[in-house]
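Going by our numbering, the first residue of the sequence shown is number 9, and it counts up by one from there. Built from N, CA and C at the ideal position, the CB exists for glycine as well. Keep in mind it's a predicted model, so treat the numbers as computed, not measured. Step one of this worksheet: look at the structure below.
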Amino acid sequence: MSAPLPPPPPRSEALKRAHALAREELRTRPRARRWWWSALGLVALNLAVGVGSAVMLLTQRLSTHGHPTATSALWAVGLVLLALLSAGPLLAFAPSRRFALGAGLVLALAAGAGVVLGGSGSADSRPFAVAGVGCMGAEVLLSLLPFAATLWLLTALPARPLRTLLATLSAAAAGLLGLHLSCPVGTVSHLLGFHVLPWVALGALAVLLRAKLRTRSYAP
């Protein structure tokens, strides 16, 4: 006759709490919402803010001083930024993981490089910092709404740094697009220091914030 099986080990308090949270989540929301609902909502918000700010700032710029950047370079980079605004949330939220995230980050890298290298080279008569602070402030301000919405929706998913980085870089590209189409300064130092680096800093900040935010969903 075989020996009786040993009793199962006692569950830890952390495991009990996790099970309780999962049961509560399944009770209140038995079916998880499709991932693409959140992604499509962010695409719509990104495009609304990005295109709206671009039209507003570009119209204002053209009515006063014109724009020195060649049309082909200006719109080529603008199209890459539009692609990031549209595809970034879908690639970040897609369950296919690595390939989608890698493709999205390559697109973000291409957008950042295009902004820096696609400038007109035109300098500004004002001091370097004075000309740049306004650009940086406008970019951050225009990006706040899609950035905050993206960060909130990410709390419904497990915290993954690359996903957070891609999703929030896509959101912050809304401000970058408007600034790219309207800024009269086209030097590499200005575009890198006051256009691209603040955009990257927002993505890095989001990764740090997401690591400290509580995940809202525990449903499978």
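Q: Consult DSSP for Pro192 and reduce its assignment to one of helix, strand or coil.
A: It is coil, neither helix nor strand.
Q | Local conformation of Ala227 per DSSP, three classes | A | Because the pLDDT at Ala227 is just 47, under 50, the model does not fix this residue reliably, and the value given afterwards should be weighed accordingly. Ala227 falls in the coil class under three-state DSSP.
Q. If you follow the alpha helix (DSSP H) that Val57 is part of, which residue opens it and which one closes it?
A. Per DSSP, the unbroken alpha helix (DSSP H) holding Val57 starts and ends at Trp43 to Thr72.
Q: In angstroms with no decimal places, state the Cα-to-Cα distance between Met64 and Leu162.
A: A direct Cα-to-Cα measurement between Met64 and Leu162 gives close to 29 Å.
Q.
Output needed for Ser94: all residues of its chain with C-beta closer than 6 Å, excluding positions within five of it in sequence on either side, in chain order.
A. Shown here for Ser94: same chain residues with a beta carbon closer than 6 Å to its own, the five before and five after excluded, namely Val51 in chain order.
Q | Among Lys220, Val208 and Ala219, the one whose alpha carbon lies nearest that of Ala118 | A | Val208 is the residue among Lys220, Val208 and Ala219 whose C-alpha sits nearest the C-alpha of Ala118.
Q: Would you decide whether Arg171 is buried or exposed? Buried here means 16 or more other CB atoms lie within 10 Å of its CB.
A: Arg171 should be labelled buried.
Q) Do you know whose CA, among Ser71, Trp160, Thr195 and Arg25, lies nearest Val124's CA? A) With distances taken between CA atoms, Val124 lies nearest to Thr195 out of Ser71, Trp160, Thr195 and Arg25.
Q) If we count the other Cβ atoms within 10 Å of its Cβ and call it buried at 16 or more, is Leu210 buried or exposed? A) Taking all protein chains shown into account, Leu210 has 16 or more neighbouring C-beta atoms within 10 Å of its C-beta and is therefore buried.
Q | Gly127, DSSP secondary structure in three states | A | Reduced to three states, the DSSP call for Gly127 is coil.
Q: Could you pull the start and end residues of the alpha helix (DSSP H) that Val215 belongs to?
A: Leu205 to Lys220 is the extent of the alpha helix (DSSP H) around Val215.
Q. Given 8 Å as the limit, is there contact between the region 53-70 and the region 98-109, that is, 3 or more CB pairs closer than that?
A. The count of Cβ pairs closer than 8 Å, one atom from the region 53-70 and one from the region 98-109, stays below three, leaving the stretches out of contact.
Q: Determine the burial state of Pro228: buried for a count of at least 16 other Cβ atoms within 10 Å of its Cβ, exposed for fewer.
A: Low local confidence applies: a pLDDT of 45 at Pro228 is under 50, so the model's placement there is unreliable, with the coordinate-based value given in what follows. That one is exposed.
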